[in-house]
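What follows is one structure encoded as structure tokens, with my remarks underneath.
In my numbering, the protein residues as written are 3 to 705.
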């Protein structure tokens, strides 16, 4: 929207989760528009097909996810900006009675052949009446004024001054507050509230609302979205009160009786047993088979090198707990909150409350972290139910304890890897088996790859089945171990586990062959120039060929992150340096080389590198959810810690220039970190790391 005073408001379709969309996407549009960046404002917009992104074989949806926003919207935004620029120029040309090719745009003005100038604000009304060109000419890269520049983030000032509105900041007139208590087990059902009358007498308490079970539904083509499957059972209770602390204390005082359900015996020991059994199972589903891997492994059974790995379930743990403010009135709903997927949220309300989509208005705020958690709108549906029950707007806030124990999780995984080496020490045949709870099997059966042996989930072997190393004989297998644990996509999805397994196994093979880790990978990538470019860049920056200083241990890793459905390819290589700190080794520096295609904003990309490595440090060193009696045991940051600032290493970003269009980036730097650390520990002490989080004992300095 262009105001008469020349101020330009650009519509942002993607929720701002901290990744920089609030700046980067408007930056693309403003460049083609030739807008004055100092006069640009941003607001969130919904409701048009142009804002939607198609994920694999799903209908297009408006959401932030899978690192695809910039990749998919780049061309659309440039076209939209060029269309607007063209009609503004034509409007000015008509006003001056000259031809459009005699005029040009310049920072919010159109300049005529005699140097005359008209502002976009003065031209907007006339330009809006002109037809848009379907394929307007776009700028050449050399003419970019904003794209590629390290512009300051547009949301920084608001977030630093406290004026930015996150979901938890929302206040609407007449609002009440809700706090919940959920069934301890994932399959639990409420059977009784023993002290309901007493709780209703507590100060400020307005109502006790039984909430239907809302969970991550399986998404078949044309079906509902995650968070929309509703069961007749109730698995949570919401106390609505005048103030949040009144609601919280009252909810904690509830004397609730739950039936644990079919999954009441779920435990970590049971889950680990399923992994170990699956690793040795006779029946698997083959994802990839090239050459003669089975025959070669059988023929050379005495020479097989084998490693096994495991990673646990983990959770998203955003700093802003999930929350939503809902107002139900006369069959219509208005919602305010940190919503990562607009269509998903709308569909969830439709399915659960039985109203029409056009009766729902969503107001998306800033998100205080998500990493995939706030795509699932179970908390929004609960807020709407609470508002309907009391006839007033209700802000429902899940405490961290409630959401950490009763939210959603990243799947667990195990890996069994076997290989034989050729005479030079390089892989002749490799068998990679990944087992665990299938994410697609639990949430998106339509995304599973079907084979005569059964279906396999590409997310389980992401970074393995599509890996870049030259392997003449290669077998990739999967085994699904279904569980009642509610799971959903988490930042980097399955690649964090799969690449940890894969790169750690490559490190093992290089170690057994007595070949330098960088040289080993370079040989396996010899036919891939884009991969070699990032590997060489990180090795050069880290001075890999020079001996490390005394006490230092180094590890190197590589991965090409392939976007869902092959939408992009982002190349990443990392070198980790461990140094002595007292009697332990600590991660002190991480070099990270990336080829992300065209970099729209180097500042936000650098921040993504830093934030991604910090996130990966948490999952590599600290994160683990354990289970007992059907539910999660951890409750807050005391027993599910995040990386503290004093544990953050120095990050050295190396952003390589590229002729390719922008590739996805939000998730891509996470996966290589853990195997690089594990490799450094292997070289420092000979300790082989086979699980995440990496055991603290492995960081003791060798004596």
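Yeah, the Cβ is synthetic: ideal placement off N, Cα and C, and Gly gets one too.
1. With distances taken between CB atoms, is the gap from residue 311 to residue 417 smaller than 8 Å?
2. For residue 704, count neighbouring C-beta atoms within 10 Å of its own C-beta (all shown protein chains included) and say buried if the count is 16 or more, exposed if not.
3. When you compare only the Cα positions, how much space is there between residue 198 and residue 266?
4. Between residue 184 and residue 236, what straight-line distance do the alpha-carbon atoms span, to the nearest angstrom?
5. Would you report the Cα separation of residue 689 and residue 700, rounded to the nearest angstrom?
6. So, helix, strand or coil for residue 657, using DSSP?
7. Taking the CB atoms as reference points, tell me whether residue 147 and residue 33 lie closer together than 8 Å.
8. Using CA atoms only, rank isn't needed, just tell me which of 674, 691, 669 is closest to residue 373.
9. Quick check on the DSSP output: what are the complete alpha helix (DSSP H) runs of length 4 or more inside the segment 23-62, in order along the chain?
10. Does the beta-carbon distance from residue 496 to residue 570 come in below 8 Å?
11. Could you have a look at residue 225 and say whether DSSP puts it in helix, strand or coil?
12. Rounded to the nearest angstrom, how far is the Cβ of residue 593 from that of residue 656, given a contact under 8 Å?
13. For residue 687, does the three-state DSSP call read helix, strand or coil?
14. Starting from residue 502, trace the alpha helix (DSSP H) in both directions and tell me its first and last residue.
15. CB residue 478 to CB residue 574, shorter than 8 Å?
16. Do you know offhand how far residue 630's Cα is from residue 255's?
17. Between the Cα of residue 473 and those of 424, 485, 446, spot the shortest distance and give me the residue it belongs to.
18. Cα separation between residue 389 and residue 47?
19. Determine whether the beta carbon atoms of residue 82 and residue 125 lie at a separation below 8 Å.
20. Where residue 646 and residue 677 are concerned, what is the direct C-alpha to C-alpha distance, given to the nearest angstrom?
21. With C-beta atoms as the reference, is residue 432 less than 8 Å away from residue 386?
22. State the beta-bridge partners of residue 325 as determined by DSSP.
23. Please list the terminal residues of the continuous beta strand (DSSP E) segment that includes residue 342.
24. Are there 16 or more other CB atoms within 10 angstroms of the CB of residue 164, so buried, or fewer, so exposed?
25. Given that a residue counts as buried once 16 or more other Cβ atoms are within 10 Å of its Cβ, and exposed if not, what is residue 227?
26. Look up residue 594 in the DSSP assignment and give the residues it is bridged to.
27. Suppose the cutoff is 7 Å on Cβ atoms and the five residues either side in sequence are ignored; what does the same chain contact list for residue 315 look like?
28. Give me, in chain order, the residues of the same chain whose beta-carbon lies closer than 6 Å to that of residue 244; leave out the 5 immediate sequence neighbours on both sides.
29. If distances are taken between C-alpha atoms only, which option among 36, 103, 78 comes closest to residue 136?
30. Examine the Cβ distances between the segment 295-314 and the segment 345-365 and report whether three or more of them are shorter than 8 Å.
31. State the Cα-Cα distance for the pair residue 448 and residue 139, rounded to the nearest angstrom.
32. Taking 8 Å as the cut-off, decide whether the C-beta atoms of residue 494 and residue 673 are in contact.
33. Please identify the residue among 588, 605, 524, 262 whose C-alpha is closest to the C-alpha of residue 698.
34. Need the endpoints of the alpha helix (DSSP H) that residue 11 sits in, please.
35. Do the CB positions of residue 758 and residue 649 come within less than 8 Å of each other?
36. Contact between the segment 150-162 and the segment 119-133: three or more CB pairs below 8 Å?
From the atom records:
1. yes
2. exposed
3. 25 Å
4. 9 Å
5. 7 Å
6. strand
7. yes
8. 669
9. 23-35
10. no
11. Confidence is the limiting factor: at residue 225 the pLDDT is only 42, short of 50, which leaves the residue's position unreliable, though a coordinate-based value still follows. Residue 225: coil per DSSP, three-state reduction.
12. 7 Å
13. helix
14. 497-515
15. no
16. 23 Å
17. 424
18. 25 Å
19. no
20. 21 Å
21. no
22. 399
23. Taken as a continuous stretch (DSSP letters only), residue 342 belongs to no beta strand (DSSP E), as it is neither H nor E.
24. exposed
25. For residue 227, the predicted model reports a pLDDT of 42, less than 50, meaning its position is unreliable; a value from the coordinates is still stated below. Result: buried.
26. 576, 655
27. 411, 412, 413, 414, 487, 627
28. 206
29. 78
30. no
31. 39 Å
32. yes
33. 588
34. Run containing residue 11: none in the alpha helix (DSSP H); it sits in the beta strand (DSSP E), 10-14.
35. Summary: the structure shown does not reach residue 758, with the chain confined to residues 3 through 705, and so no result is reported for it.
36. no
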